[in-house]
Amino acid sequence: MTLDILTGSGDLRALKVLSNGKRRFDPVEKERLIDAAMKPGVSVARLALAHGVNANQLRNWVKLRRNRQAQDALTVVARGQETSAFVPLLPTARHPDMPARPSSAGMRLIASLPNGVRLELADVDERALSAMVEVLGRCNVPAG
């Protein structure tokens, strides 16, 4: 049976059921379900219910995937490889009230998120800053 993820035509196929009741799912179908759950506007609870999976379990799988992707992005940047889909950061014109810094100093990032969280990074190199911008770009933070 092929799993039709978005229309919910069937349960996620369990390859093995352990003696304690835990199920081991088909990894390909599980990854497709996680992909579908990560799409904007998709109800994770509805998707889980349609495919016979606990909603909290599916949310946990999505969280693990996002954490793994963020860690992979930071690891790749730490190795010195470019993987960002963003345009490289270029120095911008200084505001008159900002003190001049030597060109050898690191860059600075200030991000105010819609939920009120403020992130400030100072004296970071271009690669670390690019990685942070990439990770922040993947965050779907609701306005609070």
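Quick note, the sequence shown lines up with residues 1450 to 1593 if you use this note's numbering.
Beta carbons: idealized from backbone N, C-alpha and C, even for Gly.
- For residue 1568, the three-state secondary structure derived from DSSP is strand.
- Selection 1473, 1577 and 1490 evaluated against residue 1519 yields 1577 as nearest (Cα-Cα).
- Between residue 1493 and residue 1508, the C-beta spacing is below 8 angstroms.
- By the neighbour-count criterion, in which 16 or more other beta carbons inside 10 Å mark a residue as buried, residue 1579 falls on the buried side.
- Going by beta carbons, residue 1467 and residue 1474 fall outside the 8 angstroms limit.
- CA-CA distance, residue 1583 to residue 1460, rounds to 34 angstroms.
- Straight-line measurement puts the Cα of residue 1563 at about 30 angstroms from the Cα of residue 1498.
- Exposed is the label assigned to residue 1477, since fewer than 16 other Cβ atoms lie within 10 Å of its Cβ.
- The residues 1510, 1511 and 1514, in chain order, have a CB closer than 7 angstroms to that of residue 1483 in the same chain once the five nearest residues on each side in sequence are set aside.
- Secondary structure at residue 1562: coil, using DSSP grouped into helix, strand and coil.
- Looking at the backbone, the Cα of residue 1488 and that of residue 1571 are separated by about 33 angstroms.
- Take residue 1587, set aside five residues on each side of it, and the residues of its chain with a beta-carbon closer than 8 angstroms to its own are 1515, 1518 and 1519, in chain order.
- In the structure shown, residue 1462 adopts coil according to DSSP, grouped into three states.
- For residue 1582, the enclosing alpha helix (DSSP H) has its first and last residue at 1575 to 1587.
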